[in-house]
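A.B. asks: Protein sequence lines, in the order shown, are assigned to chains G and A.
Taking this note's numbering, the leading residue of the first sequence gets 1, the next gets one more, and so forth.
Taking this note's numbering, the leading residue of the second sequence gets 1, the next gets one more, and so forth.
C-beta atoms are modelled at their ideal positions from N, C-alpha and C, and glycine is treated no differently.
Attaching a single structure in structure tokens format; questions to follow.
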Amino acid sequence: GENVEQHPSTLSVQEGDSAVIKCTYSDSASNYFPWYKQELGKRPQLIIDIRSNVGEKKDQRIAVTLNKTAKHFSLHITETQPEDSAVYFCAAPAAGGYQKVTFGTGTKLQVIP
Amino acid sequence: GAVVSQHPSWVICKSGTSVKIECRSLDFQATTMFWYRQFPKQSLMLMATSNEGSKATYEQGVEKDKFLINHASLTLSTLTVTSAHPEDSSFYICSASPPRGRGNTIYFGEGSWLTVV
């Protein structure tokens, strides 16, 4: 099955700085990579995703890059704001299809005002 | 967008009792739903795949007799934690996806906090 590793586990940045979270995956057949933001006690919320036919996708302050050869993908948040503070999870399709995913271990992001 | 609803959002039960958590897809039919478990400060771990009209498929290490899954209709899956123990206390969350053609987005329920005392 898919194995997803995520780094760093914690990340503190000053407000306005950029934050980068990196993930690697093991299954070269994986073709869909979502990123989720989870606030304490709440469901994960999809913030951006990328499919394997593109190398980069951007949505305002959030971007994701994908390197299929190296099997890694990264989340980039620019101009961070205190409300960006949360736990972020990367994910990749688990064995058996697109409907279920294997999550990374999570990154707790703290944006310091 | 599609909505997946989960109930209850939190529950406290005594050791040895059973507790049922429901997951509903509100505006689409889901032949397959998924159950995850999340311990504090940890990631979400896939527990099982709930299949409408057939047996659930459990991930390695998940006890099927302890975590009973029933998917009796196209919009409802239930997870029953049987003979609950304090170590079963966790955040349980379900997910489902609309049929292909409505996108590949995965929708999560609100989650259910289980505390076993």
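What residue range does the beta strand (DSSP E) around Val4(G) cover?
C.D. replies: Bounds of the beta strand (DSSP E) holding Val4(G) are 4 to 7.
A.B. asks: Would you mind stating whether Ile69(A) and Ser50(A) have Cβ atoms separated by less than 8 Å?
C.D. replies: Cβ atoms of Ile69(A) and Ser50(A): closer than 8 Å.
A.B. asks: The beta strand (DSSP E) that contains Arg37(A), what's its start and end?
C.D. replies: 32 to 38
A.B. asks: Helix, strand or coil: how does DSSP classify Pro34(G) here?
C.D. replies: strand
A.B. asks: State yes or no: is the C-beta of Phe34(A) within less than 8 Å of the C-beta of Pro98(A)?
C.D. replies: no
A.B. asks: Short of 8 Å in beta carbon distance, which residues of its chain neighbour Ser26(G), apart from the five on each side in sequence? Order them along the chain.
C.D. replies: Glu2, Asn3, Val4, Lys71
A.B. asks: By the three-class DSSP mapping on this structure, what secondary structure does Pro99(A) have?
C.D. replies: Coil.
A.B. asks: Where does Gln81(G) land, buried or exposed, given buried means 16+ other C-beta within 10 angstroms?
C.D. replies: An exposed status is given to Gln81(G), since fewer than 16 other beta-carbon atoms sit within 10 Å of its beta-carbon.
A.B. asks: I need the DSSP call for Glu56(G), collapsed to helix, strand or coil.
C.D. replies: strand
A.B. asks: Would you say Ile106(A) reaches chain G, if we count a Cβ-Cβ gap shorter than 8 Å as a contact?
C.D. replies: Output row for Ile106(A): interface = yes.
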